[in-house]
Amino acid sequence: MSNSADRWRFCCPAGHRSWEPTNNHFWCQQCASRPVGPDPEFYELRDRKTNELIERDQIEVVDDGGLEVEA
């Protein structure tokens with residue numbers, strides 16, 4: 166998967182696509198920019214294709230910025 170495809174397919178729990186992977190969790194820029202709202206740090210991405218939540222330890226960030234998801 167390419168980075169742009171990953172951005173469209175996966176979102177933070179609040180539905181934003183402005184997430185970034187970190188060492189052990191994800192961070193969402195849009196959630197962080199709101200004074201009151203969802204926590205910008207989270208441990209699961211929502212797969213918009215299947216509506217499934219995928220945990221951080223099941224996702225590997227690859228060199229091109231894309232993701233590999235363990236089955």
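Counting the sequence shown from 1 gives a position; our numbering is that position plus 165.
Using N, Cα and C, we set each Cβ at its ideal position, and we do this for glycine too.
For a test of the three-state rule: what should DSSP assign to residue i, helix, strand or coil?
| i | result |
| --- | --- |
| Arg213 | coil |
| Cys196 | helix |
Which one or two residues does DSSP pair with residue i in a beta bridge?
| i | result |
| --- | --- |
| Trp184 | Cys193 |
| Val234 | Ile224 |
What's the gap between the Cα of residue i and the Cα of residue j?
| i | j | result |
| --- | --- | --- |
| Arg221 | Ser198 | 22 Å |
| Ile219 | Ser183 | 17 Å |
Take residue i and list the residues in its own chain whose beta-carbon comes closer than 7 Å to its own, dropping the five residues that flank it on each side.
| i | result |
| --- | --- |
| Lys214 | Arg174 |
| His181 | Cys193, Gln195 and Cys196 |
Might you give, ordered along the chain, the residues of its own chain that have their beta carbon closer than 6 Å to the beta carbon of residue i, omitting 5 neighbours on each side?
| i | result |
| --- | --- |
| Ala179 | Cys196 and Pro203 |
| Pro186 | Val226 |
| Glu206 | His190 and Trp192 |
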